[in-house]
Structures are given as structure tokens and as C-alpha cells.
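Accompanying notes for the structure given below.
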Amino acid sequence: MTISTVLTQPQDLALLERSWQRSRDYGLLRAGRTDPRCLAPSALNQKQQQHELLLRYLRHSLPLFEQLQQGRHCRLIFSDAEGTILFTSGDPHFGSRAQKMALASGASWHEQSMGTNAIGTALSEQKEVCILGSQHFLAANQGISCSASPVLSPSGELLGVIDISSEAGEHCQDMLLTARLLALSVENALVMNHSDTHWILSLAPDAGSLQQPWSGIIALREDGQLLGANRSARHWLPELDIPAMLNDLRQGELTPVGSGLALLSRQPGRRPASRPEPVASSGLEATALKLMARCIPLLIQGETGTGKDHLVRRLHRQSGRARGPLVAVNCGALPAELLEAELFGYLPGAFTGGSRQGRPGYIRAAQGGILFLDEIGELPLAAQTRLLRVLQEKAVTPLGSHSPEPVDFQLVAASHRDLAAMVAEGGFRQDLYFRMNGFSLRLPPLRDYEHDDFVRLVQELLAELEEEVTLDEAALARLGDYSWPGNVRQLKQVLEVAAVLADGGRITPAQLPELPNFEGNAKAAPATGDLKSHADRLITQTLDECGGNVSAAARRLGLSRTTLYARLKALKNN
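Its first residue numbered 1, the sequence shown is counted upward by one per residue in UniProt numbering.
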């Protein structure tokens, strides 16, 4: 199936005449009132499950819709190939009007029951259409205007249409463009869904246009068999010698291909070269990723600076939501009086001092991705109650609205505080604690890292820097001997400074900034006497006081366990 030329003029009389004639053939009367057929909840749920992946990608695109149509009273709608509405989102004020007109999930807007309308006509014509007010066949529908763009599967089959509807007098020309961009975004995501197991080829007239919404995307098996393509790529398929291309593009290079096309290839499961391969310090991360695949909330606890945000970025890169946004919110940094508005969003005029356009809020901004609520223990009880409702209902109601908006995000919460103790003291809701604590990870302080884990972390932090630098053994040893009271945050800052000062891309001890010694975090130097013997006595005394527990002694001395083991071995040999 191919999509015909885009309908750029709403006054396409030939299209309207065909649609109106079909409406008459269906036995509809212009002045008549035909209520749309509505599915039972169970049947609707079954259809939504059949299109689960598509709907997930559409939800990922909601921030784009909200940005392009900000401040406008319109509604985003997806219907399947039979004209049944499966998803709606958008302005709640127009939403009430849409509800009365049955522009709601479960209603059928096929031409057979509703006459000429953007959803049904786009399905019948298999092309983009814009139906304005009086162009609707049924007089009862002439109070709205709609723009719709078909959505195709990777194999080219019609899956449904994306529609943007508004009051007849408020429809804007760019609403059709927005519907088209959303349809392209969903189609591209469906093709890219093969990226972990198959080759993905991106095609464009020039290199600068690669990986844009309008560039071509092809999914191939290792043997060159075509698995799917988006609508742009289908124009170029006859020109391509796919088996020959695969032989030349095993390294993922940018290459000219036929008729001035540029092509970018990506091997199955390969990550972009600009992003370092994630390093996991334990099997906990693998477990966390498995649970995230089922959308089970995670709770990360640990001292300040232990790298909770760093871990979340790593999990995001490896998760199935890597193409969605990562929205990080420090709950302790938001002013109490603005916290709920920033988190849950608000409508225009919801409160004095708010934006005239309203705000979607952090929760809706995380649609299709990960919402990271850092320092969640700082949330006021009122905000905790609203957050609990969002997690239970999988929908958020912005301030000033009575219409909940469906949301799909992975929750990751973090705190340096003992949340269980806060629950016991009444400072944190017990039901919210259990709801968000699907799986708990406790990050150790940097001083408790095993040597190999510490080295891997340093390597990963270096890979994230803008400068390409390496660390010599002496500098690494000095870092390993330090207690890091500021944990990963302090280590990252030290490496950033050293990378700037490094000559020839290599960090030596000379480039490391001075590492401060704080009481209780590093051993104090004696005023007089032999330094080595004093250190030996201090180690022995501390180990005795800790009952032989090396980890506890290392924490008290401000040493890594690896260093303390080495010192104890030297003492034993002496």
C-alpha cells in the first residue's frame, strides 16, 4: 500500500465529492443524527492490547504534540484501521466537547457510521486529509475541524490514523503538519524496534538529513532480507542493491549510495560510538533492568554523592525506554509552593503567577521514558498523596483540571534518608513507600568499593568527559587510597579538573587537585615520630576496636578495603 499525494488544500473538491457520495451510499442523511458505534470495555481493551507497541510510541511523542500545539484547544486522537478510537489526549476544555461528540476511546468514526470526517475519510482515501467544519457530511459534526494522517506498519499496511481535532473556528493549518510528524515518528519507531536484533539502515538525500523524521529507515535481516521500511525509504528501495550494501557496511560507516543518497548503517545490538559501554558493578543492575522491563518501580538509597543519578542514567541507556526521555527532578530543590505545579502540571490560569500557557509538568514530560525523583523524602505529604494517585491510576490530573491524562513512565526514586524510619515517624506515607519500592538498590559509599569496581567506575567517568584522557597507574593509586567523603560526585569533579589540566591526554599525580583530609575521613598525621610506625599502630588499634571487621576498620580509617588488606599483609610479613 502507498500513501497518495498529501492533501494540502482543505478545498479538495474531488476528495470531498467522493466522500460525500460514499456517505449517501451508506444511507446517511445530512440532517440526521447518527450516534457512533461504541465498543464494550472488554473489546476496547483487546484492541488496545493489539496496538500496545504503537500506542506506547505515540505516548512517547506527546511532548512533541504539546510543544507544537501549546496553548491551543485541540485533541490528539488515534484510531485503528477500522475507525475505532483507541487513544485520546490533549486540552481538557475541548475534551469535554469532544466527549459529547463521542470523540472518545471506543467510538467508531468510520465513514459508514459518521459520514465525511478526517478519521474515516483518511482511512477510506488512505491519504492525509483536513476536514473543516461544514465539510463534514453530517450537520451534527460541523462544529469541529479535524486533520488526520495515516500510520503504516513496517510492511506498509494501514494501522490507523492520527487525528488532531479542534473547534471549527480554531483549527490551524499546522495541525495537519503536526499529525504528519507524529505519524512519521510512530512509523520510524516501529521500524527501529528491530534495532537490537537486525540491521537498521537510514537513508536521506544528503548526510545532513540522516536520522531526521523524514529520512528513510530500513530494517534488514543479516542475510539482507527486508523486514520493514518507513514510507520515505520505500521510494528508494528500487535503487538499492541491499546485499552489496551490507557487505560494505559492516562497520557502521557513512557511505554514499546510488543517486546521491547517503546511508548510515547500524549493526544489530550495536551502540553509537559516542556513548561508552555501560559498566555494571554487580548483578543488581541486571536485576533492575529486568524489573524495569515490567515497569516495576525502583528505589535507590545511599549516602549523598554515591552516584544515584549516574546509575539512573546508566539504567536508562540500557533499558527499553532508552529512546524516551529521562526526566530528573530534585524534589528537595523545588520551592514548596511550586512543587505540585511543576511536578503535576497546570492549566492556563490555574493559579496567580503561573504561565499563561500552563505547563505539562515533569510527570507528563517523562511520557514514554523514565521519571527520576531524587530526594523523594523531601516531598510534602500533600504531594505524596497526589503522586500515589498517579501511580495507582496511571494518569495525572493537572492543577485546574478535572480530566486525568493517561501517562506511561518508569518511576525511579532515590533518597539519602532512611525512608522506612520516616514512615515509622509519620513523615512519609506508608502506602506510597510500598508502591514505589518495587525493588530497592542500596549504593555503597565509594570508600567501600572493591578495587576492580573502583577502577571500572573511574574508566566509565573518564569516558563521559569531553576530553579524551587516560589515567596513569600512579594517579590511579593515589585516587584509590583516598576515602572520598564526597563519594562519586567528588570523584567526578576531581577527574573533570584533572582532564582539563592533563598534558598530552594523560593524567598523572601532578594534575590531580589536592584532596582534602577531613577528621574521620582520613588518618591524621602525627606531630612527631616515625610516620610508618604510627600508621601501623593506628591500623592495628582500629582493627581491634572494630572486632577484626576489615570493612568497618577501613571506613573508620578512611581507606579502601583493598588498601587496608595490602597494609595488613605488609604488617604480617614484617
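No residue lacks a Cβ here, since even glycine has one placed at the ideal position from N, Cα and C.
Please read all numbers here as calculations on a predicted model, not as lab measurements.
*Assess, as a yes-or-no matter, whether the region 503-517 is touched by the region 462-480 under the definition of 3 or more beta carbon pairs within less than 8 Å.*
Segments in contact, yes.
*Per-residue burial, residue 228 [other beta carbons within 10 Å of its own, 16 or more giving buried]*: Under the 10 Å beta carbon count, residue 228 is surrounded by 16 or more other beta carbons and is classified as buried.
*Compare the C-alpha of residue 484 against each of 500, 515, 460 and 187 and name the closest.*
Cα-wise, what sits closest to residue 484 is 515.
*Taking only the alpha-carbon atoms, compute the straight-line gap between residue 461 and residue 170 and give it to the nearest angstrom.*
Cα to Cα, the separation comes out at about 51 Å.
_Contacts around residue 81, its chain only, beta-carbon distance under 7 Å, and the 5 residues preceding and following it disregarded_ = These residues qualify, in order along the chain: 123, 158, 159 and 160.
_Cβ pair count under 8 Å reaching 3, the region 63-73 against the region 178-190_ = With contact defined as three or more Cβ pairs closer than 8 Å, the region 63-73 and the region 178-190 are in contact.
*In chain order, which alpha helix (DSSP H) runs of at least 4 residues are fully inside the region 90-130?*
Counting only runs of 4 or more, we get 92-100, 111-114 and 118-125.
*With a threshold of 16 other CB atoms inside 10 Å of the CB of residue 305, please say whether the residue is buried or exposed.*
Counting the other CB atoms within 10 Å of its CB gives residue 305 a total of 16 or more, which places it among the buried residues.
*Where does residue 202 land, buried or exposed, given buried means 16+ other C-beta within 10 angstroms?*
With a threshold of 16 other beta carbon atoms within 10 Å, residue 202 meets it and is buried.
*Should the region 432-450 be called in touch with the region 316-329, which here means at least 3 C-beta pairs below 8 Å?*
Judged by pairs of C-beta atoms under 8 Å, the region 432-450 does not touch the region 316-329, as fewer than three such pairs exist.
*asked:* Alpha carbons only, please: which of 101, 356 and 143 is nearest the one belonging to residue 38?
replied: For the set 101, 356 and 143, the Cα lying nearest the Cα of residue 38 is the one of 101.
*Would you call the CB atoms of residue 30 and residue 156 closer than 8 Å?*
No; because the gap between Cβ atoms is not below 8 Å, this pair is not in contact.
*CA-CA distance, residue 407 and residue 33?*
Near 34 Å, if we compare the C-alpha coordinates of residue 33 and residue 407.
*With DSSP run on the structure shown, which of helix, strand or coil describes residue 20?*
The three-state reading of DSSP puts residue 20 in helix, counting H, G and I together.
*For residue 431, count neighbouring Cβ atoms within 10 angstroms of its own Cβ and tell me buried if that reaches 16, exposed if not.*
Looking at its Cβ environment, which holds fewer than 16 other Cβ atoms inside 10 Å, residue 431 is exposed.
*What span of residues does the alpha helix (DSSP H) with residue 364 cover, start to end?*
Segment 361-365, the alpha helix (DSSP H) holding residue 364.
*Check the C-beta distance from residue 370 over to residue 416 and give it rounded, since I have them as a contact under 8 Å.*
Not really, about 20 Å apart at Cβ, beyond 8 Å.
*Looking only at its own chain, which residues have a Cβ that is under 6 Å from the Cβ of residue 107, when we skip the five neighbours before and after it?*
The residues are 36, 38 and 85.
*Curious, which full-length alpha helix (DSSP H) runs of at least 4 residues does the region 129-201 contain?*
Listed in chain order, the complete alpha helix (DSSP H) runs (minimum 4 residues) inside the region 129-201 are 174-192.
*Please name the residue, chosen from 162, 219, 111 and 486, that lies closest to residue 16 on a Cα-to-Cα basis.*
Looking at the Cα atoms, 111 is the closest of the given residues.
*Bounding residues of the alpha helix (DSSP H) (the contiguous stretch that carries residue 309)*: First-last of the alpha helix (DSSP H) with residue 309: 308-318.
_Identity of the residue in 187, 482, 364 and 349 nearest residue 151 by Cα_ = Of the candidates 187, 482, 364 and 349, the one whose C-alpha sits nearest the C-alpha of residue 151 is 187.
*Express the C-alpha separation of residue 313 and residue 568 in angstroms, rounding to a whole number.*
Going by the C-alpha atoms only, they are around 38 Å apart.
*Counting Cβ pairs closer than 8 Å, one from the region 71-80 and one from the region 132-143, do we hit at least three?*
Contact annotation: the region 71-80 does not touch the region 132-143, with fewer than three C-beta pairs closer than 8 Å.
*Starting from the C-beta of residue 57, find all residues in its chain whose C-beta is less than 8 Å away, skip the five residues before and the five after it, and write them out in chain order.*
Once the five neighbours on either side are set aside, the close Cβ partners of residue 57 are 185, 186, 189, 190 and 368.
*Using beta-carbon positions only, say whether residue 72 and residue 172 come within less than 8 Å of one another.*
Yes, these two residues count as a Cβ contact at 8 Å.
_DSSP three-state assignment for residue 542, whether helix, strand or coil_ = Residue 542: helix per DSSP, three-state reduction.
*Which of the three DSSP states, helix, strand or coil, is assigned to residue 351?*
Coil at residue 351, not helix or strand.
*Have a look at 392, 411 and 297 and flag the residue whose alpha-carbon is nearest the alpha-carbon of residue 329.*
It is 411.
*From the DSSP output, read off the bridge partner residues of residue 406.*
Beta-bridge pairing links residue 406 to 395.
*Where are the beta strand (DSSP E) runs, 3 residues long or more, that stay fully inside the region 55-88, in chain order?*
Look at the region 55-88 and you find these whole runs of beta strand (DSSP E), each 3 residues long or longer: 74-80.
*Just reading off the beta strand (DSSP E) that residue 442 is part of, what are its end residues?*
439-442 is the extent of the beta strand (DSSP E) around residue 442.
*With which residues is residue 326 paired in a DSSP beta bridge?*
Listed as beta-bridge partners of residue 326 by DSSP are 370.
*Reduced DSSP category for residue 571 - H, G, I as helix; E, B as strand; rest coil*: DSSP places residue 571 in helix when its eight states are reduced to three.
_residue 60 to residue 303 span [Cα, whole Å]_ = If you take the alpha carbons of residue 60 and residue 303, they lie about 33 Å apart.
*Pull up the DSSP beta-bridge partners for residue 412, would you.*
Under the DSSP definition of a beta bridge, residue 412 partners with 298 and 372.
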